[in-house]
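Residue numbers (the working numbering): 1 to 334.
Each residue gets a CB set at the ideal place from its N, CA and C atoms; glycine is no exception.
What follows is one structure encoded as C-alpha cells, with my remarks underneath.
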C-alpha cells in the first residue's frame, strides 16, 4: 500500500494529520504501508514534483494499492497508474481562498481531469461530496470517509475570570484570522486569545495577521504562537474555554472535531462543511467574513458556555475513531 503526500507527512494541517493517522490505522489493520513524501511544488506541480510522481508510479508492483492525497494528485495527471489509484480529496483545490479567477479556473480544469481518470475518490465529509460530483466524479466511484478523532482529556468545566479562546489552524487567508482579530477588538468580558498553527505557508498573510494584532488595541490579550508540539497542543485544549476559527471554507474541519473531542464549544463561520461537522447545540456560527456577527457569536458562547460545553462533550463522544476511517477507505480500494 502506497500513500502519497506532497512534502513531509508530519506537517500539522488537518489534511496531513488525516493522511498520517490513516497510514497508522491501516498499518494497525495489518497493511504494509509505504509513505511517499514527494518533493517539489504543489498543488500546481513543477517538474520536480512530476518526476517524483513518475518515480512512485514506476515503483508500483502488481497488486500494490495507491492512495494519493488530493494536494499531490495533479502531479500524476500523465501517469497511467492514476487509473488504479484512490484520490483522497480533502476539499477542491479551486475553492482555496485568495486565488485569482484565472488561477481558480485553471486548478478546477486540472483537478477535474485528474479526478475523471482516478479509479476511486474519497472525500472527508458529506458536504464535500457534491463538490466532487461537480468535478465529474460519478457516484459509484465516490465515498465519504470521515476523519477519526483522538480521545483528548476533556476540557475542565470551571468558572474563570479570564476565558482562553483557542484557534488551531495554519495562518492562511482561508482560515481568516483577520476577521477574528476584528471581532476581538470590542469583545466584552475577560478573555485572552491563543492562535496555534504554522505561519510559514503564506508568509505575507502571517505578517498581516501579526500587524493586525499589534494595531488592534487588544494586543496584550492576543498571542499568535505558531506550531507547538503535540503535548503543548493537548495542554491548550485542556485550558481553553472556547474554540474559535472563522474559516471561509472547510472540507470537513478536523480542528473542529478535535475541539469537540476535548469538550470545547465551537465558534465559527457558517461555511463549507462546518455546519454539518459541528452540531448547533455545541456551537455558535456567523456569516463568513462578518466580524460583528462573529463578535456576537463569541459573546453568546461565553455567556452560555456551561450548556455548550456539555453539548460539545456529548458530540465529541459520538465522533468516529481512526480505525473507522481506515475501515472505510480499505473497503473502497479499487
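Can the beta-carbon of residue i be found closer than 9 Å to that of residue j?
i: residue 137; j: residue 115; result: yes
i: residue 57; j: residue 66; result: yes
i: residue 120; j: residue 146; result: no
i: residue 171; j: residue 140; result: no
i: residue 99; j: residue 122; result: no
i: residue 168; j: residue 195; result: yes
i: residue 308; j: residue 282; result: yes
i: residue 43; j: residue 6; result: yes
i: residue 64; j: residue 2; result: yes
i: residue 242; j: residue 216; result: no
i: residue 176; j: residue 97; result: yes
i: residue 251; j: residue 131; result: yes
i: residue 277; j: residue 257; result: yes
From which residue to which residue does the beta strand (DSSP E) around residue i run?
i: residue 283; result: 283-286
i: residue 6; result: 2-6
i: residue 244; result: 242-245
i: residue 224; result: 222-226
i: residue 69; result: 66-69
i: residue 143; result: 142-144
i: residue 121; result: 120-123
i: residue 87; result: 85-89
i: residue 196; result: 191-196
Using the Cα positions of residue i and residue j, report the straight-line distance between them to the nearest angstrom.
i: residue 111; j: residue 37; result: 20 Å
i: residue 275; j: residue 327; result: 25 Å
i: residue 247; j: residue 179; result: 9 Å
i: residue 210; j: residue 264; result: 26 Å
i: residue 76; j: residue 50; result: 7 Å
i: residue 162; j: residue 223; result: 15 Å
i: residue 84; j: residue 149; result: 29 Å
i: residue 279; j: residue 316; result: 10 Å
i: residue 329; j: residue 285; result: 31 Å
i: residue 319; j: residue 221; result: 33 Å
i: residue 205; j: residue 190; result: 28 Å
i: residue 28; j: residue 266; result: 32 Å
i: residue 165; j: residue 186; result: 15 Å
i: residue 261; j: residue 230; result: 15 Å
i: residue 299; j: residue 305; result: 10 Å
i: residue 39; j: residue 61; result: 22 Å
i: residue 238; j: residue 74; result: 39 Å
i: residue 310; j: residue 233; result: 21 Å
i: residue 19; j: residue 10; result: 9 Å
i: residue 324; j: residue 33; result: 18 Å
i: residue 188; j: residue 303; result: 11 Å
With hydrogens ignored, establish whether the beta-carbon of residue i is closer than 8 Å to any heavy atom of the ligand PLP.
i: residue 42; result: For the structure depicted, the ligand PLP is absent and the ligand set is empty, with no information on it obtainable.
Note down, in chain order, each residue of its chain lying with its Cβ closer than 8 Å to the Cβ of residue i, except the 5 sequence neighbours on either side.
i: residue 41; result: 48 and 49
i: residue 53; result: 4, 38, 45, 72, 75, 76 and 79
i: residue 113; result: 77
Under 7 Å Cβ to Cβ from residue i, same chain only, skipping five residues before and after it: list those, please.
i: residue 21; result: 148 and 322
i: residue 129; result: 123, 142 and 144
i: residue 104; result: 94
Contact check, residue i vs residue j under 8 Å by CB: the rounded distance?
i: residue 174; j: residue 249; result: 6 Å
i: residue 127; j: residue 272; result: 6 Å
i: residue 118; j: residue 95; result: Not quite, the Cβ-Cβ distance comes to about 19 Å (not below 8 Å), so this is no contact.
i: residue 254; j: residue 17; result: 6 Å
i: residue 93; j: residue 107; result: 5 Å
i: residue 287; j: residue 269; result: 7 Å
i: residue 12; j: residue 289; result: About 25 Å; that fails the 8 Å criterion.
I need the boundaries of the alpha helix (DSSP H) containing residue i, first residue and last residue.
i: residue 167; result: Per DSSP, residue 167 belongs to no alpha helix (DSSP H); it is in the beta strand (DSSP E), 163-168.
i: residue 269; result: Where residue 269 is concerned, there is no enclosing alpha helix (DSSP H), although the beta strand (DSSP E) it sits in stretches over 266-269.
i: residue 33; result: Unbroken run through residue 33: none, as it is neither H nor E.
i: residue 309; result: 305-317
i: residue 57; result: 47-59
i: residue 230; result: 230-239
i: residue 333; result: That residue, residue 333, is in no alpha helix (DSSP H); it is neither H nor E in DSSP.
i: residue 113; result: 101-117
Using a Cβ-Cβ cutoff of less than 6 Å, which residues in the same chain neighbour residue i once the five nearest sequence positions on both sides are dropped?
i: residue 201; result: 170 and 172
i: residue 31; result: 1
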